[in-house]
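Protein chains in written order, with our numbering: chain A, 841 to 981; chain B, 841 to 981.
Next comes the structure, spelled out in structure tokens:
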């Protein structure tokens with residue numbers, strides 16, 4: 841695993857990041873290194889994309905963590921907390937535009953300078969599940 | 841990055857795997873290694889989970905790939921194709937039950953013996969986007 845680019849956001853400190861990308865309207869940019877730029881072809885057809893990235897400020901992990909939205913310890917795999925055994929972050933963002941190897945996106949929630957691992961298209965047919973139970977998360981956040 | 845468990849599925853060959861997990865009803869199991877089992881606490885509250893895993897049979901990558909659902913070359917980041925620069929796979933599956941460190945799941949689309957990297961809860965509020973355009977993918981698959 842190696843970075844294929846970098847994500848720019850307004851957030852330089854963990855205390856500033858929104859709880860999740862879903863309701864954030866914060867703008868950011870994704871720079872894909874030139875050697876991977878050809879892989880961005882056809883991406884403009886998608887309104888939303890998954891960004892997979894490294895929680896690069898997370899230097900260790902815990903199996904029980906206290907999420908921002910909760911006051912109890914929870915199993916880390918039942919949360920989106922960064923202190924995970926493999927520190928991979930995942931967010932859905934809106935793709936506004938592509939200029940060459942740079943993507944303009946909306947709804948970022950990661951730190952500025954986050955190393956990018958992968959981009960996947962958000963596909964309604966694959967990724968929207970409506971008959972869900974969301975565990976300890978509040979219904980409205 | 842290192843495996844935290846293994847995913848068992850009915851598929852021993854790439855030609856057998858369904859196109860995506862979304863409409864698959866195939867049963868599988870996720871074994872999380874005992875040293876990480878404590879992190880599964882609270883997961884039962886979620887009807888669906890993201891599995892992040894290694895495309896372990898994908899030994900190289902291409903920036904342009906021909907998806908199963910299409911007859912044209914597409915940028916790999918506009919597809920879910922396994923031949924990616926960082927071979928990370930991601931699927932949403934339904935969580936049926938947990939017995940200790942083993943999860944019974946439905947809707948698997950990965951190969952039997954796939955190395956598991958992470959589990960994240962599928963959270964309606966974060967992950968459901970309905971105002972989407974899904975690019976070159978057909979509306980119904």
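Note that beta-carbon positions come from the ideal geometry of N, C-alpha and C, so glycine has one too.
>> With a threshold of 6 Å on Cβ separation, who are the neighbours of residue 850/B within its own chain once the five nearest residues in sequence on each side are excluded?
In response: If we look at residue 850/B and ignore the five residues flanking it on each side, its Cβ neighbours are 866.
> Going along the stretch 879-892 of chain A in order, which residues come within less than 9 Å of chain B, judged by CB to CB distance?
Replying inline: Listed by position along the chain: 879, 880, 881, 882, 883, 884, 885, 886, 887, 888, 889, 890 and 892.
>> Using a Cβ-Cβ cutoff of less than 7 Å, which residues in the same chain neighbour residue 841/B once the five nearest sequence positions on both sides are dropped?
In response: Correct list, in chain order: 957.
> For residue 903/A, which residues in chain B fall below 7 Å Cβ to Cβ?
Replying inline: 876, 878 and 879, listed in chain order.
>> Assuming the contact rule is C-beta atoms closer than 8 Å, residue 944/B and residue 869/B should be a hit. Round their C-beta distance to whole Å, please.
In response: 6 Å between Cβ atoms; contact.
>> Taking 8 Å as the cut-off, does the stretch 873-882 of chain B touch the stretch 908-927 of chain A (at least 3 CB pairs, one atom from each stretch)?
In response: Yes, the stretch 908-927 of chain A touches the stretch 873-882 of chain B.
>> Could you give the first and the last residue of the continuous alpha helix (DSSP H) run that contains residue 942/A?
In response: Boundaries for residue 942/A: no alpha helix (DSSP H) harbours it, while the beta strand (DSSP E) harbouring it runs 942-946, taken from the DSSP string.
> How about residue 887/B and residue 924/B: are their beta carbons less than 9 Å apart?
Replying inline: No, they are not a contact pair.
> Taking C-alpha atoms, which residue in 922/B, 909/B, 931/B and 900/B lies nearest to residue 847/B?
Replying inline: Sorting 922/B, 909/B, 931/B and 900/B by C-alpha distance to the C-alpha of residue 847/B places 931/B at the top.
>> Whole angstroms are fine: how far does the CA of residue 968/A sit from the CA of residue 970/B?
In response: Rounded to whole angstroms, residue 970/B and residue 968/A show a C-alpha spacing of 7 Å.
>> Taking the alpha carbon of residue 909/A as the reference point, which residue from 963/B, 950/B and 843/B has its own alpha carbon closest?
In response: Nearest of 963/B, 950/B and 843/B to residue 909/A, Cα basis: 963/B.
> Between the C-alpha atoms of residue 940/A and residue 874/A, what's the straight-line distance to the nearest angstrom?
Replying inline: Spanning the two alpha carbons is a distance of roughly 9 Å.
> Can you list, in chain order, the stretches of the alpha helix (DSSP H) that have 4 or more residues and sit fully within the stretch 890-943 of chain A?
Replying inline: For the stretch 890-943 of chain A, not a single whole alpha helix (DSSP H) run of length 4 or above is found.
> At what residues does the alpha helix (DSSP H) containing residue 848/B begin and finish?
Replying inline: For residue 848/B, no alpha helix (DSSP H) run applies; the uninterrupted beta strand (DSSP E) run containing it begins and ends at 845-848, by DSSP.
> What does a CB cutoff of less than 7 Å around residue 921/A pick up in its chain, not counting 5 residues either side in sequence?
Replying inline: Exclusion of the five residues before and after residue 921/A leaves 905 and 907 as the residues of its chain whose Cβ lies within less than 7 Å of its Cβ.
>> In the DSSP output, what is residue 956/B paired with across the bridge?
In response: DSSP, once it has assigned bridges, lists 845/B and 893/B as partnering residue 956/B.
> When you compare only the Cα positions, how much space is there between residue 976/A and residue 872/B?
Replying inline: Whole-angstrom Cα-Cα distance: 21 Å.
>> Restricting to Cα atoms, I'd like to know which of 973/B, 951/B and 955/B is closest to residue 857/B.
In response: Considering only alpha carbons, the answer is 951/B.
> What residues in its chain sit with their C-beta under 7 Å from that of residue 938/A, if we drop five residues either side in the sequence?
Replying inline: Only residues of its own chain outside the window of five on either side were considered, and among them 880, 883 and 884 have a CB closer than 7 Å to the CB of residue 938/A, listed in chain order.
> How many Å lie between residue 898/A and residue 979/B at the Cα?
Replying inline: Their Cα atoms are separated by approximately 39 Å.
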